[in-house]
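Position 225 of the sequence shown, counted from 1, bears residue number 225 in the numbering used here, the numbering being contiguous throughout.
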Amino acid sequence: MWAASNAGLGGDAGAAAAGRSACTGNCNGMEASSLDSSGSEGVDADVPCTAPVANPSGAACGAWVNRTQGTDASGKSWSAVASDASGDKLVAGSRFAIPSGCLAHGQRWASVASDSTGTHLVAVAVHPHSLGGCDILNPTSAGYAGGSIWTSTDGGATWTDQTPAGPAIDLCWASVASDSSGTNLIAVGSGIWTSVNAGVTWTQQTAPPTTTAGAWVSVASDSTGTHLVAVNGAVFSANGDIWASTDSGVTWTNQTSGTSAAHQAWSAVASDSTGAHLVAVVSGGDIWTN
């Protein structure tokens, strides 16, 4: 069952979104509160956020630090980011990113995901020559161009286009997810596609959408690639739902049909390592947890 979890998020909604182990402070003059496991307000967190502050569960809360200011990476049109399990290895993609000289240079990156080590990465992009982004219903229509799925096995130093040919070529991709090993992958956009060999081949699991309401916008995976969750619908339009799979994407069940969470403008979804605890956000709306 899904419930809105937007109380007490204050200026640190990202940390508190899942309603678990969230610790926030009075950062930049914006007061926020900790949330307990039920999403209710917990201890008073009106403390300066100049140094990490331990919350009751042992997690750390601290100020955000600009890591690219004054570097060549500053000022990019960043659009996607992912982390390994430790948080030490990070990867980010922009609309026109990845170092020049690389085959993948100039792609308009929509989403990126990492295995638990930060070594095996997967990303989806819209072709840089597309004039109008990607038409989800007709990816190769005039003025548009489809996208590609790329993988890296060396932490992002080099990338390989895994869809230069075959059934998944030139499709619109919105989001991608990986299991902890980087072997079982899932990509969504023009339907739902999965790979069981680190992106070498792809299998179509759902038919392409016939309306924008059926377009997939975000996907997440547990650590095994077995339990998946995806949201569909046109962003900014209240017509989407949350779907889940317990068999690596072969079959899908609508989790929000007939509930108060049905027909929302879902824009993103995330999962914990077990696939049991999920969080989804509505564009212009609330943060929901199951």
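Note that CB positions come from ideal geometry on N, CA and C, so glycine has one too.
Three-state class that DSSP yields for glycine 147 in the structure shown: Working through the sequence shown from its first residue, we reach residue 147 at position 147. If DSSP states are grouped into helix, strand and coil, glycine 147 belongs with the strands.
C-alpha distance - serine 79 paired with threonine 153, whole-angstrom precision: In the sequence shown, the residue the question calls residue 79 occupies position 79. In the sequence shown, the residue the question calls residue 153 occupies position 153. So the two alpha carbons sit approximately 21 angstroms from each other.
Residue environment, leucine 90, which counts as buried when at least 16 other CB atoms sit within 10 Å: Translated into the one-based positions of the sequence shown, residue 90 becomes position 90. Flag for leucine 90 reads exposed.
Close-in-space but distant-in-sequence residues of the same chain around threonine 226 (CB under 6 angstroms, 5 per side omitted): Reading the sequence shown from its first residue, position 226 is the one you call residue 226. The answer, listed in chain order, is Ser248.
Backbone secondary structure at glycine 214 - three-state DSSP: Position 214 of the sequence shown holds residue 214. Reduced to three states, the DSSP call for glycine 214 is helix.
Pairwise C-alpha distance: serine 260 and alanine 157: For this step, residue 157 is matched to residue 157 along the sequence shown. For this step, residue 260 is matched to residue 260 along the sequence shown. For alanine 157 and serine 260, the distance between alpha carbons rounds to 45 angstroms.
Where isoleucine 293 sits in the DSSP three-state scheme: Residue coverage of the chain in this structure runs from 1 to 290, which leaves residue 293 outside it and unanswerable.
Beta strand (DSSP E) runs wholly inside the region 243 to 281, at least 3 long, in chain order: 266 to 271
Nearest-angstrom Cβ-Cβ length linking valine 188 and valine 219, presumed shorter than 8 angstroms: If you number the sequence shown from 1, residue 188 lands on position 188. If you number the sequence shown from 1, residue 219 lands on position 219. At roughly 5 angstroms, the Cβ-Cβ gap stays under 8 angstroms, so valine 188 and valine 219 are in contact.
Nonlocal neighbours in the same chain, by C-beta distance under 6 angstroms from leucine 278, ignoring five residues either side: Here residue 278 refers to the residue found at position 278 of the sequence shown. Contacts found: Val229, Ser271 and Asn290.
Which of helix, strand or coil DSSP assigns to valine 200: Sequence index remark: in the sequence shown, residue 200 carries index 200 (1-based). Looking at valine 200 - three-state DSSP - the assignment turns out to be coil, as it is neither helix nor strand.
As assigned by DSSP and simplified to three states, the class of threonine 183: In the sequence shown, counting from the first residue as 1, residue 183 sits at position 183. Correct three-state label for threonine 183: coil.
Cβ separation of serine 123 and valine 176, assumed to be a contact under 8 angstroms, to the nearest whole Å: In the sequence shown, counting from the first residue as 1, residue 123 sits at position 123. In the sequence shown, counting from the first residue as 1, residue 176 sits at position 176. According to the sequence shown, residue 123 is alanine rather than serine. Between valine 176 and alanine 123 the Cβ distance is about 7 angstroms, and since that is below 8 angstroms, they are a contact.
Nearest-angstrom Cα separation, counted from arginine 108 out to tryptophan 173: Locating residue 173 in the sequence shown gives position 173, where the first residue counts as 1. Locating residue 108 in the sequence shown gives position 108, where the first residue counts as 1. Looking at the two C-alpha atoms, the distance is approximately 11 angstroms.
Boundaries of the beta strand (DSSP E) in which arginine 108 is found, first to last residue: On the sequence shown, position 108 is the one that residue 108 refers to. Note, arginine 108: beta strand (DSSP E), 108 to 114.
Separation of threonine 224 from threonine 274, as counted between CA atoms: Stepping through the sequence shown from its first residue, residue 274 is reached at position 274. Stepping through the sequence shown from its first residue, residue 224 is reached at position 224. For threonine 274 and threonine 224, the distance between alpha carbons rounds to 8 angstroms.
Cβ distance (whole Å) where leucine 185 is taken to contact alanine 198 below 8 angstroms: By one-based count along the sequence shown, residue 185 stands at place 185. By one-based count along the sequence shown, residue 198 stands at place 198. Contact flag correct, Cβ pair sits at about 7 angstroms.
Where threonine 50 falls: helix, strand or coil (DSSP): Taking the first residue of the sequence shown as 1, we reach residue 50 at position 50. At threonine 50, the pLDDT of 42 sits below 50, so the modelled position is not reliable and the matter cannot be decided from this model.
Length of the line joining the Cα atoms of alanine 244 and aspartate 72: Position 244 of the sequence shown, counted from the first residue, corresponds to residue 244. Position 72 of the sequence shown, counted from the first residue, corresponds to residue 72. When rounded, the distance between both Cα atoms is 40 angstroms.
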